[in-house]
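Below is one structure, written out as structure tokens; the observations come after it.
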Amino acid sequence: IHPEYLKEGKNLVGRLYAIGVPAILNLALPSLLISALNGILAVYSQSYVVVLGIYYKLQTFIYLTANGIVQGMRPIIGFNYGAGEHKRVRKIYEITLIMCAVIMLIGTGICLAIPEQLIGLFSSNPETIRLGGQALTRISHHILGALEGLGKGGSSLIISLCRNVIVILPAAYLLSHLGGGVFVWHAFWITEVISAAVSLVVYRRAVRR
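Here the sequence shown is numbered in this note's numbering, starting from 2 and rising by one per residue.
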């Protein structure tokens with residue numbers, strides 16, 4: 002350990018923060034999203050707020066499973082990308098995408114098949130179960146995170162911003178004024194469709210660079 006070995010430290014720290022800061026924001030944005038949606042839904046009924054909380058509890062079971070696969074993928078992709086094994090990087094990404102898609106499809110199928118029963122696991126209130134069943138049905142009509150593993154934290158943040166702020170919040174606000182709280186749930190699948198298109202463009206540009 003000697004100061005002369007730290008000459009490249011500033012550049013290295015800058016690169017670390019370029020990846021780390023977007024990753025931190027990616028974790029913080031869902032909390033911002035839930036707070037904003039609670040504010041929109043509370044105007045119509047507290048039951049909508051309860052349903053939103055239950056939905057995020059349910060999706061945790063699905064997303065944590067998929068996210069575990071993604072978290073395991075990131076270092077493997079990073080190592081292979083650094084070693085110049087670009088074909089292997091693409092293969093790992095494709096396999097991970099398929100695995101996550103299968104998990105999401107299974108979770109979506111369950112939510113569409115027994116929405117009210119799932120809500121009933123968390124509440125015995127008939128109104129909450131009814132509204133929750135409607136919410137799951139609408140939200141489930143929308144069915145990864147390789148960019149951070151490639152050192153493209155900024156690109157990953159763009160996708161996260163689209164999903165958690167830029168698209169869903171304006172959509173939820175406008176839909177709530179058009180059809181009340183029940184229309185807010187449509188903002189989820191609309192956001193996923195738009196974010197998927199943005200993700201494809203951003204991913205291709207990031208990989209080309």
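No residue lacks a Cβ here, since even glycine has one placed at the ideal position from N, Cα and C.
- Assignment of His3 by DSSP, reduced to helix, strand and coil, places it in the coil class.
- Under the three-state reduction of DSSP output, Asn126 falls in the coil class, being neither helix nor strand.
- Boundaries of the alpha helix (DSSP H) around Ser48: 47 to 83.
- For Phe123, the CB contacts under 6 Å within the same chain, skipping 5 residues up- and downstream, are Ile55 in chain order.
- Nearest C-alpha to Thr66 among Thr97, Thr192, Gly79, Glu86: Thr97.
- In the displayed model, Val14 falls within a helix according to three-state DSSP.
- The distance from the Cβ of Leu162 to that of Leu30 is about 7 Å, consistent with a contact at the 8 Å cut-off.
- Per the Cβ contact rule, the segment 13 to 22 is not in contact with the segment 75 to 85 (fewer than 3 Cβ pairs under 8 Å).
- A contact is defined here as three or more CB-CB pairs under 8 Å, and the segment 131 to 140 meets this definition with respect to the segment 111 to 121.
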